[in-house]
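> According to this note's numbering, the sequence shown holds residues 16 to 297 in order. Next up is a structure, given as C-alpha cells.
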Amino acid sequence: MSVVIETPESLETIRFFAAMVRKHSAIVLEDSKAYLIKARLEPIGKLHGCSTLDELARYVRARASDAALLTEIIDAMTTNETSFFRDLHPFTQFKDTILPAIIERRAQQKTLRLWCAASSSGQEPYTLAMIIRENFPKLADWKIDFMASDISPSMLARCKEGFYSQLEVNRGLPAPMMVKYFKREGGGWRIRDDLRTMVDFRLINLIQPWPLMPMFDIVFIRNVLIYFDMAEKRTVLQKIRKTMTPDGYLFLGTAETTFNVDESFHRVSAGNATCYALTKPV
Ligand SMILES: C[S@@+](CC[C@H](N)C(=O)[O-])C[C@H]1O[C@@H](n2cnc3c(N)ncnc32)[C@H](O)[C@@H]1O
C-alpha cells in the first residue's frame, strides 16, 4: 500500500526520516522531497517486512542502535547522479592549466596528491585517472596518491568494481578512450586494472571525523555541497582547506561556489571553467 503523506502521522514520518538523513549525512530534505523519501525508502521497508513508511519508521525507532539499518537508509537517500567528463570544462581546466602548474611546482619531489570526494560510482575519479594516463606520461615515475571517497557503501563497491553499463559509458566517455581504457565484458565495460589500482577508494562521511590524510594538491568535491545547508557547506570547506597544500586547487560543481561561504578561497578561471585556490592564481 502506498503512503498518504497528507495525514499528520505520515508527515511526521517524512520528517523523522529527513531529520535522520540530515543528522547523519547533512543532506537536507525539505517536506517537498517527501516523494523522494517515499520512493527511496519503501523498497527498504519491503525488505524488512514493512508495507508502509509509517511502519518502517516504527521499525527503525525500535532499532535505534542498528548501525547497518541506518547505513542502509542513508545510502538509499544519497543521490548518485554522475557521468564521465561531467560538465567537461573543469576537466579541460584540470588538464590544460591546473595539473601542469602543480607538476611544475612538484618537479623536485615528484609527488602528486589528489582527492576526489563524493565520487559516487567512480566516473569522476576514473575520468581524472584517464586524463593523467593519456596526457602526462612524465608522471610515470612519480608517486601519485589518488584517493576517492563517498559516504555510500554501495557506490564505493561500484567504484572498486570499475564496471559500467553501455548506457553509462555512452554518457560522456569519448569512444577512443572507452576502447583504450576499458575492456568489453558481458553487456558492459570494465576499467583497465592499472587505472583501477591507481585510485584508493575509501568510505568517508564528509560530516564525520576524517581519517588521517595527506595534504592534497588538488581536491575535487563536486555536486555534493549543494545538498547541504550553509553551516555544513562552511564546515566542510574549512576542513577541506586544512587538507590542501597552500598552493593547492579545489574543484566544485557548476552550481557550487566558495563565494560567501569560505572567503579564504578565490576563483581561478580558464576558458569556461572555474576552480578555487588559496594563493595567487596561476
Ligand atoms: C550527485 S553525486 C556527485 C558525484 C560526482 N562528484 C559528480 O559530480 O559527478 C553526490 C555524491 O555525494 C555523496 N554524499 C552525499 N552526502 C555525503 C556525505 N555526507 N559525505 C560523503 N559523501 C556524500 C553521495 O553518496 C553521492 O554519491
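Every residue gets a Cβ at the ideal spot worked out from N, C-alpha and C, and that includes glycine.
Could you name the residues that DSSP lists as bridge partners for Leu210?
Translated into the one-based positions of the sequence shown, residue 210 becomes position 195. DSSP, once it has assigned bridges, lists no residue as partnering Leu210.
> So is Thr97 buried or exposed if we call it buried at 16+ other beta carbons inside 10 Å?
Taking the first residue of the sequence shown as 1, we reach residue 97 at position 82. Thr97 is buried by the Cβ-count criterion.
> Does Val19 come out as helix, strand or coil in the three-state DSSP assignment?
Start at 1 with the first residue of the sequence shown, and residue 19 comes out as number 4. The predicted model places Val19 with a pLDDT of 45, which falls under 50 and marks its position as unreliable; any figure quoted below should be read in that light. It is coil, neither helix nor strand.
> Just how far apart, CA to CA, sit Ile20 and Ala91?
Position 5 of the sequence shown, counted from the first residue, corresponds to residue 20. Position 76 of the sequence shown, counted from the first residue, corresponds to residue 91. The predicted model places Ile20 with a pLDDT of 46, which falls under 50 and marks its position as unreliable; any figure quoted below should be read in that light. If you take the alpha carbons of Ile20 and Ala91, they lie about 19 Å apart.
> How is Val43 classed by DSSP in three states: helix, strand or coil?
On the sequence shown, position 28 is the one that residue 43 refers to. The answer is coil: DSSP assigns Val43 none of H, G, I, E or B.
> Return yes when the Cβ of Asp232 is within less than 8 Å of the Cβ of Thr260, no when it is not.
Numbered from 1 along the sequence shown, position 245 holds the residue referred to as residue 260. Numbered from 1 along the sequence shown, position 217 holds the residue referred to as residue 232. Cβ distance < 8 Å, so Thr260 and Asp232 count as in contact.
> Within a Cβ cutoff of 7 Å, which residues of the same chain sit near Lys110, ignoring the five residues on either side of it in sequence?
The residue you call residue 110 lines up with position 95 of the sequence shown. Cβ neighbours of Lys110 beyond the five flanking positions: Ile146, Asn150.
> Quick check: does the Cβ of Leu221 come within less than 7 Å of any heavy atom belonging to ligand 1?
Here the question's residue 221 lines up with position 206 in the sequence shown. Yes, since a heavy atom of ligand 1 falls inside the 7 Å radius drawn around the Cβ of Leu221.
> I need the straight-line Cα distance from Val18 to Val43, nearest angstrom please.
By one-based count along the sequence shown, residue 18 stands at place 3. By one-based count along the sequence shown, residue 43 stands at place 28. Note that Val18 scores 49 on pLDDT, short of 50, meaning its location in the model is unreliable; the coordinates nonetheless yield the value given after this. Straight-line Cα distance between these residues: approximately 21 Å.
> Examine ligand 1 and report whether any of its heavy atoms sits within less than 7 Å of the Cβ of Gly177.
Locating residue 177 in the sequence shown gives position 162, counting from the first residue. Here the distance from the Cβ of Gly177 to the nearest heavy atom of ligand 1 is not below 7 Å.
> Output the residue ranges of the beta strand (DSSP E) runs that lie fully inside the region 166–230 and measure 3 residues or longer, sorted by chain position.
Entirely contained in the region 166–230, the beta strand (DSSP E) runs reaching 3 residues are, in chain order, 178–180, 197–200, 203–206, 214–218.
> Would the beta-carbon of Ala132 fall within 8 Å of that of Val234?
What you label residue 132 is simply residue 117 of the sequence shown in a count that begins at 1. What you label residue 234 is simply residue 219 of the sequence shown in a count that begins at 1. Cβ distance < 8 Å, so Ala132 and Val234 count as in contact.
> Between which residues of its own chain and Leu103 is the CB-CB distance below 8 Å, once the five residues before and five after are set aside?
Taking the first residue of the sequence shown as position 1, residue 103 is located at position 88. Cβ within range, chain order: Gly187.
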